[in-house]
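Numbering of the sequence shown is given in my numbering, commencing with residue 983 and proceeding in unit increments.
All C-beta atoms in this analysis are idealised placements derived from N, C-alpha and C, irrespective of residue type, glycine included.
In this text, all values refer to a predicted model and were calculated from it rather than measured experimentally.
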Amino acid sequence: MKLKHTFALSSLVLAMGLPAYAHAAQTEKNLATDNENIEKILIVGVRQDRVSQGATGLTMELYETPQSISVISSEQIKNFATNSIDDALQMATGITVEQGETNRTRYTSRGFDIKSTQIDGIGLPNSWGLVTGAMESYGYEEIEVIRGANGQLTGVGNAAGTINYVRKRPTNENEGEVGLTLGSHELKRLQADYSMLLTDSGSWAARAVAVIQDSGSYLDGLENDRTYFSIVVDGQLTDNSALAFGASHQDANSDGVMWGGLPLAYADGTQADFDVSTSPTQDWTMWDTLNVNAFVEYTYTFDNDWEVKATYNRQDSEDQSKLFYVTDAFGLYNRETNLGLASQPGRYDSEFSADLFDITAMGQYSLFGQDHELMFGASTSKSNDISFTNGYDAATTPAYGLTPAFPFASDAIPEPIWGEQNKYADLDVTLTRLFGSTKLNINDDLFIIAGFNAIDYSREGFNSGGTVDNDESEISPYIAATYALTQDINAYVSYSDIYQPQEQYDYDGHFLEPSKGVNYEVGLKTQWLDDNLLVTFALFRAEQDNIAVFAGINDTGKYYYKGTTQDSNGFELEVTGHLTDSLNATFAYTNLNIEDELGKSTSSWEPENLVKFSLDYTLPQLPELTMGIGGKWQSKTENAAATVKQDSYLLVNAFARWNVSDNLEIQANIDNITDEKYITSLKNVGFYGAPTKGSVNLTYHF
983 MKLKHTFALS
993 SLVLAMGLPA
1003 YAHAAQTEKN
1013 LATDNENIEK
1023 ILIVGVRQDR
1033 VSQGATGLTM
1043 ELYETPQSIS
1053 VISSEQIKNF
1063 ATNSIDDALQ
1073 MATGITVEQG
1083 ETNRTRYTSR
1093 GFDIKSTQID
1103 GIGLPNSWGL
1113 VTGAMESYGY
1123 EEIEVIRGAN
1133 GQLTGVGNAA
1143 GTINYVRKRP
1153 TNENEGEVGL
1163 TLGSHELKRL
1173 QADYSMLLTD
1183 SGSWAARAVA
1193 VIQDSGSYLD
1203 GLENDRTYFS
1213 IVVDGQLTDN
1223 SALAFGASHQ
1233 DANSDGVMWG
1243 GLPLAYADGT
1253 QADFDVSTSP
1263 TQDWTMWDTL
1273 NVNAFVEYTY
1283 TFDNDWEVKA
1293 TYNRQDSEDQ
1303 SKLFYVTDAF
1313 GLYNRETNLG
1323 LASQPGRYDS
1333 EFSADLFDIT
1343 AMGQYSLFGQ
1353 DHELMFGAST
1363 SKSNDISFTN
1373 GYDAATTPAY
1383 GLTPAFPFAS
1393 DAIPEPIWGE
1403 QNKYADLDVT
1413 LTRLFGSTKL
1423 NINDDLFIIA
1433 GFNAIDYSRE
1443 GFNSGGTVDN
1453 DESEISPYIA
1463 ATYALTQDIN
1473 AYVSYSDIYQ
1483 PQEQYDYDGH
1493 FLEPSKGVNY
1503 EVGLKTQWLD
1513 DNLLVTFALF
1523 RAEQDNIAVF
1533 AGINDTGKYY
1543 YKGTTQDSNG
1553 FELEVTGHLT
1563 DSLNATFAYT
1573 NLNIEDELGK
1583 STSSWEPENL
1593 VKFSLDYTLP
1603 QLPELTMGIG
1613 GKWQSKTENA
1623 AATVKQDSYL
1633 LVNAFARWNV
1643 SDNLEIQANI
1653 DNITDEKYIT
1663 SLKNVGFYGA
1673 PTKGSVNLTY
1683 HF
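Here's what the structure looks like:
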């Protein structure tokens, strides 16, 4: 079996969205003589076998793509029961999942927050890089992680990368599954996934996914529940055109949440140590989120194989929270008495909406005796973000001021009497993008990809710093090349501009100027074992100016930031694929170094060395049984400002699945087998990660 991806992964691939029409054309050619299959030929040719093209579409294979890309497949998500995006991305090469508190997460790559996300290749607003709430992973076929600068993909971005979520789409069969999971901390989960043909010819189909989950937590006081539902319908309008549309809805609720992490640093600079279950939460805290997404996608393929695709995406989300923050605000936190911490309550609501339009044309052209590929298009996104807060009387509120000795009971401090709700931010953001790129096939061994993004980015409205009205524009070039050294070894090089508008404020409450820079990457990709195993080695470097770093608190009590210069460099090694017919493996090692303008190492909360691995094995003598292990190891980290350190640690997870019959399977999972004690984030000091836990799943296929 060749190591191929019909969804055509690639960074540039991502970048360009050129079509995988070669596969479709060959399918039609091979089947064209069978008159009985004419209708099916058209479905497969136009609709790409109902497999989402994700952010891609180039005819390049993964091993040809001149950038670092990894894929978390639905099989990996299933094997290791990673039911949330947070858990799934723990498996991704070079990615760290920073949980500074229970309900907000940052994903980082190559030392920086990932601020560019996509669904099926369409960019989504996420300037801060924060993800609020545990997002469900069951609705996605796979997750593509593109590491490095992404100016060609979105027109904005830093040196971290892009995450592309590939939706589950209808299959060409009536098929489905329903599963029940029971696990540690009263985990109860019911999930279902069903795809059905809507017409006798199979030209229209639908797929529905649903999840209900409820659980406690190893953390004191924390309880979570969420429901998720998605539906996608796609079909063939004419012999040359296809339509897809769908929506997803997630409602997640959390009680007993943390706002900020544990107070792990005493005033004398020594580090505190608590039970892994420790939390400063109070019973009245909560954080509820609602996320609704919808899309429509129209594709028209001309007789000459040129394709035009128009897409509209709509996002709506809202969250409501009542929070309790604990910190050593006055430098009084005493190691002997555990007294001296200060607390602050907060009640916040927000509403977010966004409309995203994208139209792209792509196809082939001939020049100098070679066939080449071209893509060009335009997109625009408009979003509105409104935030509200409720005040309180600090003089009469026990939740504001010094706390009892920590840890304290979850009912130690009563809920404030909240005042009237006030709007404190209302921002409109518009991003308009013109883009284009071409793949130039110089000869059979060498191709060059060149492209550009021209963007206009505007923000207007008001926030805590006052009135906002600014407009920024930039043109970001991209160029890369891949050369086949042998039939199985490709060398590549790529260059991209970096341009990232920033959400942080300066001392006066104004947005910082955009960060800018350049990103370089060179690497080798080689296929082994009859193309079943892909090995990638990459060297990367990024030079960025005006990176926002925390600078203090201004005279109005607001956090402010300043811009600094940071250079990052390192290398990655990734091995993924089939070692044998029965053994699949992934191994990835990332080495990272970040320096400031003085050449001093910085961002010490990011591990210098990071290893990710997974193995799954099906017993040849007992093919009904599959088992595997996976996990990560990272080197020591620290937050010098917070005087908190963490030694290197290893996390190991395992699973075993027994196919009782053709329709029924049972799976058991154990996470953190060695019961390792570790902190979830050092950038924003978090809390202790989950100890050993387990679950059992029963799935019926029909």
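Asked	Found
Proximity of D1408 and I1368 at Cβ, strictly below 8 Å	yes
Given L1323 as reference, the closest of F1358, V1274, G1383 once Cα atoms are compared	G1383
S1098 versus I1529 - alpha carbon distance	16 Å
Integer Cβ distance of N1536 from F1493, believed to fall under 8 Å	Between F1493 and N1536 the Cβ distance is about 14 Å, and since that is not below 8 Å, they are no contact.
Nearest to K1405 (by Cα), restricted to the options G1130, S1056, L1580, R1329	R1329
Through-space distance from M1344 to Y1003, alpha-carbon basis	Note that Y1003 has pLDDT 32, beneath the 50 cutoff, so the model's placement of it is unreliable and the number below is only indicative. When rounded, the distance between both Cα atoms is 10 Å.
For T1342, the nearest candidate out of F1306, W1288, I1395, S1299 (CA to CA)	W1288
Residues that DSSP places opposite K1507 in a beta bridge	N1472, T1518
Option nearest G962 by Cα separation, candidates A1636, T1625, L1632	An answer regarding residue 962 cannot be provided, because it is not within the stretch 983 to 1684 covered by the chain.
Beta-carbon contacts of A1192 that lie in its chain and below 6 Å, excluding the five residues immediately before and after	A1174, F1211
Pairwise C-alpha distance: E1123 and Y1670	31 Å
Rounded separation between S1586 and G1076 - CA only	16 Å
Three-way DSSP call (helix, strand, coil) for L1604 in this model	coil
First through last residue of the alpha helix (DSSP H) which encompasses E1057	1056-1061
Helix, strand or coil at E1588 according to DSSP, with G and I counted as helix	coil
Which of helix, strand or coil DSSP assigns to A1006	Caution is warranted here: a pLDDT of 35 is assigned to A1006, below 50, making its placement in the model unreliable, and the coordinate value is therefore given only provisionally. DSSP places A1006 in helix when its eight states are reduced to three.
Short CB-CB distance (under 8 Å) between L1467 and chain C	Of the protein chains in the structure, only one exists, and it is not chain C.
For K1540, the nearest candidate out of F1519, D1490, V1557 (CA to CA)	D1490
A1685, DSSP secondary structure in three states	The chain is shown from 983 up to 1684; residue 1685 falls before or after that span and cannot be answered.
Burial state of Y1248, where buried means 16 or more other Cβ atoms lie within 10 Å	buried
N1445 versus D1301 - alpha carbon distance	18 Å
DSSP three-state assignment for E923, whether helix, strand or coil	Outside the displayed span of the chain (983 to 1684) sits residue 923, for which this structure offers no information.
Proximity below 8 Å, CB of R1208 to CB of A1116	yes
DSSP-derived helix/strand/coil call for A1249	coil
Environment of Y1393 [buried if 16+ CB atoms lie within 10 Å]	Per the sequence shown, residue 1393 should be read as Asp rather than Tyr. So D1393 ends up on the exposed side.
6 Å CB neighbourhood of A1037 in its chain, flanking five on each side removed	Residue confidence is low: A1037 scores 37 on pLDDT, short of 50, so the model does not pin down where it sits. Its coordinate-derived value is still stated next. Answer for A1037: L996, Q1100, G1103, N1146, listed in chain order.
Alpha carbon of E1442 to alpha carbon of F1358, nearest angstrom	29 Å
Exposed unless 16 or more other CB atoms sit within 10 angstroms - verdict on T1558	buried
Own chain residues within Cβ distance below 6 Å of H1231, not counting five before or after	F1211, V1274
C-alpha gap between P1152 and S1223, whole angstroms	17 Å
Neighbourhood of G1242 by C-beta, 6 Å cutoff - its chain only, sequence neighbours within 5 removed	E1083, Y1307
Paired residues, beta bridge with D1393 - DSSP	BP columns for D1393 are empty, so no partner.
Distance between G1545 and V1531 (C-alpha atoms, nearest Å)	6 Å
Beta-bridge pairing of G1383 - partner residues as DSSP gives them	S1325
Top-ranked residue by Cα proximity to Y1474, from L1044, M1042, Q1049, E1043	Q1049
Pick from S1497, A1524, Y1280 that is closest to T1220, judged by C-alpha positions	Y1280
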